[in-house]
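Residue numbers for the sequence shown, in this note's numbering: 922 to 1743.
Cβ atoms here follow ideal geometry from the backbone N, Cα and C, with glycine treated the same way.
No experiment lies behind these values; they were computed from the predicted model shown.
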Amino acid sequence: MKQRIIIVGGVAGGASVATRLRRLSEENEIVMYEKGAYISFANCGLPYYVGGTIREKDALLVESVENMVKEFNVDVHNNTEVIDIEPEKHIITVKDVLNGEISTDHYDRLILSTGAKPIVPKIPGLDEADHVFSVRNIPDVARIKNYIDSDNVRKAVVIGGGFIGLEMTENLVELGLAVTLVEASPQVMAPLDFEMAQFVHEQIEMHGVTLILNDGVAQFSNNGRTLVLSSGEEIDTDLTVMAIGILPDSALAQKAGVKTGIKSAIVVNEHFETSVPDIFAIGDVIEVTDFVTGMPTLIPLAGPANRQGRFLADYLNGLEAKNPPVQGTAVAKVFALTVATTGKNERLLKQAGVVCHVVHLHPNSHAGYYPGAAPIELKVIYDDQGKILGAQAIGTEGADKRIDMISAVMRLNGSVEDLQLIEVAYAPPYASAKDPVNYAGYLAADQRQGLVKTIEWHEVDALIGKQAYFLDVRESFELAAGKISGSHHIPRGELRGRIEELPKDQPIYVYCSVGLRGYNAARILALNGFDVYNLDGGLKTYEQAKYETGHMKVQPRTADQGESFSTMVQHGTQAAKIVVDACGLQCPGPILKVKQSMEKLNEGDVLKVQASDFGFHKDIVAWADATGNQLLKNNIVGNKVVATLMKGAKDSHDDAQQTLQTASNNGGATTMVVFDGDLDKAIATFIIATGAAAMGKPVTLFFTFWGLNIIKRQAHAKISKSGTDKLFGMMLPKNADHLPLSRMNMAGMGPKMIKKVMADKNVDSLAVMIERAKQLGVKMVACTMSMELMGVAREEIIDGVEFGGVASYLGEAAKSNVNLFI
């Protein structure tokens, strides 16, 4: 039967239901009333029109009036506001906003898609302010853009740290304005948990924005030119953008007696029916069912609004369709970062009394050896049954992709273990063989299977206060970038050999940079009878959560500001310059690469290094302070950290540097006797050696007995041997490529597995580690007496190795304060 269906409001929901209705029926009359000039536009793109990324206003138009009439035969009345509904008579009253003319119309079905309106609080002085703007539609941003172009605007304030507020902040910075962002809550981006929002806080400040948290606007003065905050602080501004949030625009519905709920949102059933017969509602104006909790909530997003329009049209045409629960999957660009979320965050779940568990991880976006890889900060939340409750991802590349994958698993009611089973399209430019989402599943599965116990970042300080035993299993050279106060230090590679040093009468809390080595250390200790916990997400998560806004040590500049690299090195005409690319390297790779490059420079020479891990922005400051080098610049350029250092040019060293220097002067060398020839022990040997060398310590490795196999050549001229020498030559490994594992050798399968894992994790092979040790000046000595006994000729030993007896070792050991037996 032919029906007259009237739609009030356009944009996402209204335009979607109108076009779907026409595709399903040619006989129905479809009428749209929109009080604005534009019936369907990309409101998510509005900030980018202000910043100039979207250059033409017309590019924001999704559907024009003309096309809606011509292509879909919809009777469109733009610039026409519906001001009253008479449900009993099925009549609406409309007003032409251009000429004020009043008229009426009749409907069989009425669809309300009135959307939401900006929150405009009653702040003293706001009515007198002449340059305060909201961002909700095309006329709003056109006014902002015209004002900036015509009024010599230099300073701007954005009030509100939600999606629109952050996008406006970035785009005003792109215009060259000095921007202050004011947020009354402790963090920006409410869908994130605090420790994840801290990555965003740092990114905002890296781009020169003044970020003020936990403070709101108390009043406007000087016609809006001065903002007075609740704290009493005053901010001068030429432009203010109000982006506090939105509320359902349900005044018309309420006037008609339609039932409303949370924040006056329209209450609808599974078929979008309101409490008044023949009146339906969709989009930002309605309550939706939360996918995770099953409770009513507000989730004003374009994706759900479009789906609601489609499903309502289906229902009105007799097709099976229901109003689906909403996950709230969302994404935003914040300068170089992509910030994506789905489901509920941990904070809201705990407030609702939901028991949940989390995993934090920091994997690369794709294979680390392929250029452009960058870290993804990923958090996944799940309940006691393994049901995924939410996820958050932040990074310069691939964060949205991972949240989309997790969102799909959630929608299909998959478990956190199901993340292990996702098959990604793998090639080095796009992913890793073990994708970050797979890793999240692996970590959660280990937790659920009882293979590892974890603590979270917010538990650390209380444990420190109780003098808990923290064990740092990173390499020595990483300590310069920071550590947990009072922690003990045993590198993971030394753990099995030094396990007697650890207490068994109290829990041990292990940590590394991002959690992976800590997990491996926790498994070693657990299998040896220790009560052990791993710090979830490692030191990176804990330190990021402790980030303090307003304390950025080095203010970044854009690439075209300040001195150029070429100009800078001309301060000393003989100064050398080296450019190093550390992008794609996982921690501690960038710092190690800086150390290796610095070794090649003379005093006063300059090193420029770029890294894709924003954590390097902090690490390089700590490393330069600890090693006595001068950090000249520490900038954010696009999605990379670009730091410039001058070797040894610092006027004064801090306490950390003085401590390192004192240690060096008092025998701060490291000596190791390498007795065993197992692959795992060889790897540990060279990790420790390069780490110590990177910290400026002299290192000597004394290879004896089975350890000689580690330093054998890959290929050498045939050597004639006889007797026991020949027998030993047949039985011993030919070189480092043929070393067995000390455990789980599995007839040679174990070493192959370890080598594959190392390659997948972007960890250098043993051969590369040996070469790197040489480059760092590690001294290697082969024991001549052991060579005689084992039948190893000098021609079989790699270049760069010295030959000596026990006196050589004892002489070096006398200079050392660290002496290890492996």
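Taking residue i as the reference, which of the options has the closest Cα?
i, options, result
"VAL1394", "ALA1383, ASP1685, ILE1411 and GLU1380", "ILE1411"
"GLU1377", "VAL1542, GLY1307, ILE1302 and ARG976", "ILE1302"
"ARG1064", "ASP1051, LYS923 and ARG1075", "ASP1051"
"GLU992", "ILE951, THR1705 and ILE1203", "ILE951"
"GLY1471", "ILE1080, GLU1116, GLN1124 and THR1090", "GLN1124"
"VAL1103", "GLY1335, LYS1568, ILE960 and ILE1165", "ILE1165"
"ASP1534", "TYR1730, HIS1283, ALA1261 and LEU981", "HIS1283"
"LEU1132", "GLY1082, PRO1198, ALA1389 and SER1406", "GLY1082"
"GLU1194", "GLN1427, ASN1244 and ILE1183", "ASN1244"
"ILE1006", "LEU1173, ILE1080 and GLY1145", "LEU1173"
"GLU1733", "SER946, THR1591, ALA1532 and ILE1069", "THR1591"
"ALA1226", "PRO1619, LEU1731 and ALA939", "ALA939"
"VAL1003", "ILE1718, THR1565, ILE1743 and ASP1017", "ASP1017"
"THR1625", "VAL1678, VAL1594, ILE1640 and ALA1366", "VAL1594"
"ILE1167", "LEU1219, ALA1442, MET953 and ALA1503", "LEU1219"
Quick check on the burial criterion: 16 or more other C-beta atoms within 10 angstroms. Buried or exposed for residue i?
i, result
"LEU1448", "exposed"
"PHE1724", "exposed"
"TYR1347", "exposed"
"LYS1467", "exposed"
"LEU1222", "buried"
"PRO873", "Since the displayed the chain opens at 922 and closes at 1743, residue 873 lies outside it and no answer follows."
"LYS1180", "exposed"
"PHE890", "Because residue 890 is not part of the residues shown, which for the chain are 922 to 1743, the question remains open."
"SER1071", "exposed"
"VAL1078", "buried"
"LEU967", "buried"
By the three-class DSSP mapping on this structure, what secondary structure does residue i have?
i, result
"ASP1026", "strand"
"SER1737", "strand"
"HIS1122", "helix"
"ASP1759", "With the chain running from 922 to 1743 in the structure shown, residue 1759 is simply not present."
"ARG944", "helix"
"HIS1281", "strand"
"ASP1546", "helix"
"VAL938", "helix"
"HIS1128", "coil"
"ARG1146", "coil"
"ALA1312", "strand"
"ILE926", "strand"
"SER1336", "strand"
"LEU1446", "helix"
"THR1001", "strand"
"GLY1264", "strand"
"ILE871", "Lying before the first or after the last residue shown, residue 871 is absent from the chain, which here runs from 922 to 1743."
"LEU1098", "coil"
"SER1106", "coil"
"TYR1347", "coil"
"ASN1135", "coil"
Output the distance between the C-alpha atoms of residue i and residue j, rounded to the nearest integer angstrom.
i, j, result
"ARG1413", "ARG1444", "11 Å"
"TYR1240", "ARG943", "Reading off the sequence, residue 1240 comes out as Leu, not Tyr. Rounded to the nearest angstrom, the two C-alpha atoms are 14 Å apart."
"GLU1709", "ARG1693", "28 Å"
"ILE1040", "VAL1209", "20 Å"
"SER1663", "THR1611", "22 Å"
"SER937", "GLY1204", "10 Å"
"TYR1440", "GLN1341", "18 Å"
"SER1034", "LYS1554", "52 Å"
"THR1147", "GLU1155", "7 Å"
"MET1652", "ASP1681", "31 Å"
"ALA1577", "GLY1617", "Since pLDDT at ALA1577 reaches only 43, below the 50 mark, its modelled position is unreliable, and no value is offered."
"TYR1360", "ASN1144", "54 Å"
"ASN1630", "ALA1657", "6 Å"
"GLY893", "ALA1202", "Outside the displayed range of the chain (922 to 1743) lies residue 893, so it cannot be described from this structure."
"SER1185", "GLY1459", "43 Å"
"LEU1134", "GLN1140", "17 Å"
"SER1686", "GLY1671", "15 Å"
Is there a Cβ of chain C sitting closer than 8 Å to that of residue i, yes or no?
i, result
"ILE1675", "Protein chains in the displayed structure number just one, and chain C is not present."
Taking the runs of the beta strand (DSSP E) that are 3 residues or longer, which of them lie wholly in the stretch 1350-1420? 1390-1393
Please specify which runs of the beta strand (DSSP E), each continuous and at least 3 residues long, are wholly inside the stretch 1150-1232, giving them in chain order. 1155-1157, 1160-1163, 1167-1169 and 1200-1202
Runs of 4 residues minimum, wholly inside the stretch 1695-1732: which ones carry the alpha helix (DSSP H) assignment? 1705-1711
Give, in chain order, every unbroken run of the alpha helix (DSSP H) that is at least 4 residues long and sits entirely within the stretch 1622-1656. 1644-1652
Report the start-end ranges of each beta strand (DSSP E) in the stretch 961-999 that is 3 residues or longer and not cut off at the edges. 982-984 and 996-999
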